[in-house]
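Undergrad: Here it is, the structure in full.
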Amino acid sequence: DQQVKQNSPSLSVQEGRISILNCDYTNSMFDYFLWYKKYPAEGPTFLISISSIKDKNEDGRFTVFLNKSAKHLSLHIVPSQPGDSAVYFCAASAGSSGSARQLTFGSGTQLTVLP
Amino acid sequence: EPEVTQTPSHQVTQMGQEVILRCVPISNHLYFYWYRQILGQKVEFLVSFYNNEISEKSEIFDDQFSVERPDGSNFTLKIRSTKLEDSAMYFCASSEQAGVYTQYFGPGTRLTVL
């Protein structure tokens, strides 16, 4: 099942620079997308989300961009900080507005921010 | 800040034994979920639960698995007869209400089946 793909298993950036994490999806029924951050031995921590009716959502240092025609989303972190070093998961959901929706996760990208 | 809690953090069991993993979702949340992550693999959906019944389940969630909300705060996942391949991190999650799709995850229970 490759409905959500994160093709870069790892990314290294310098502190203060921009981190760009990418995610592609194949299921056109997905209408809500989320980014989670995960440290070892912890659960995924919600970062930011975007609905398919938007193409950008910003929250502090984090911005998510959605390109529906390309079925692509990206997470930008500016400026990157060493504490951002973690595995970042892209997730997507589909379904009716009143339903409990399962999340379909990508395989994750390990971000390392170098001091 | 409210959070999802899970107990135990680590459970070791013998193959064939029953295990119950416990979760306390965020108090005003109405939708509850279980996911698992086998080492080196993706986080996978198991089951969702709303209004005291299963909303959706994956093909992983076979007859060996069951979920229950025994009281107003706990949400449990039972595996009746564990197999070696059930070894994984199990995450509970909850979301607030209809139309709000963000799910908040607990810290996970590491299940080791010997």
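Quick mapping for you: the protein sequence lines, in order, are chains W and E. Its first residue numbered -6, the first sequence is counted upward by one per residue in this note's numbering. Its first residue numbered 14, the second sequence is counted upward by one per residue in this note's numbering. Cβ coordinates follow ideal geometry from the N, Cα and C atoms, glycine included. Remember, predicted model here, so these are calculated numbers, not experimental data.
According to the neighbour-count rule (16 or more other Cβ atoms, all chains shown, within 10 Å of its Cβ), is Glu57(E) buried or exposed?
TA: buried
Undergrad: Which stretch, first to last residue, makes up the beta strand (DSSP E) that contains Glu81(E)?
TA: Phe78 to Glu81
Undergrad: Which residues mark the beginning and the end of the beta strand (DSSP E) in which Tyr159(E) is found?
TA: In the structure as shown, chain E begins at 14 and stops at 127. Residue 159(E) is therefore absent and cannot be evaluated.
Undergrad: Starting from Tyr25(W), find everything on chain E with Cβ-Cβ shorter than 9 Å and list it in chain order.
TA: Tyr114 and Thr115
Undergrad: Identify every residue that forms a DSSP beta bridge with Val71(W).
TA: Answer by DSSP bridge pairing: none, since Val71(W) is not bridged.
Undergrad: So, for Ile13(W): in the same chain, excluding its five sequence neighbours on each side, which residues have a beta-carbon less than 7 Å away from its beta-carbon?
TA: Ser67 and His69
Undergrad: Closer than 8 Å is the cut-off here; do at least three beta carbon pairs connect the stretch 14 to 23 of chain W with the stretch 84 to 95 of chain W?
TA: yes
Undergrad: Can you name the residues that DSSP bridges to Asn60(W)?
TA: Paired residues: His65(W).
Undergrad: Using only the alpha-carbon positions, how far apart do Thr177(E) and Glu35(W) sit?
TA: Residue 177(E) is absent from the structure shown; chain E starts at 14 and stops at 127.
Undergrad: Hey, Val32(E) and Ser86(E) are a contact pair by Cβ (cut 8 Å); roughly how many whole angstroms apart?
TA: Incorrect: roughly 20 Å between the Cβ atoms, too far for contact.
Undergrad: For a test of the three-state rule: what should DSSP assign to Asp52(W), helix, strand or coil?
TA: strand
Undergrad: Which bits of chain W does Pro38(E) rub up against, with CB to CB less than 7 Å?
TA: Under the 7 Å cutoff, chain W gives no residues; its nearest Cβ is about 12 Å from Pro38(E).
Undergrad: Between the stretch 44 to 65 of chain W and chain E, which residues of the former have CB atoms less than 7 Å from a CB of the latter, in chain order?
TA: Result list empty, no residue passes.
Undergrad: Which chain W residues sit within Cβ distance under 9 Å of Glu69(E)?
TA: Chain W residues near Glu69(E): Gly88, Ser92, Ala93, Arg94 and Gln95.
Undergrad: Just to confirm before moving on: does the CB-CB distance between Thr102(W) and Gln(-4)(W) stay below 8 Å?
TA: no
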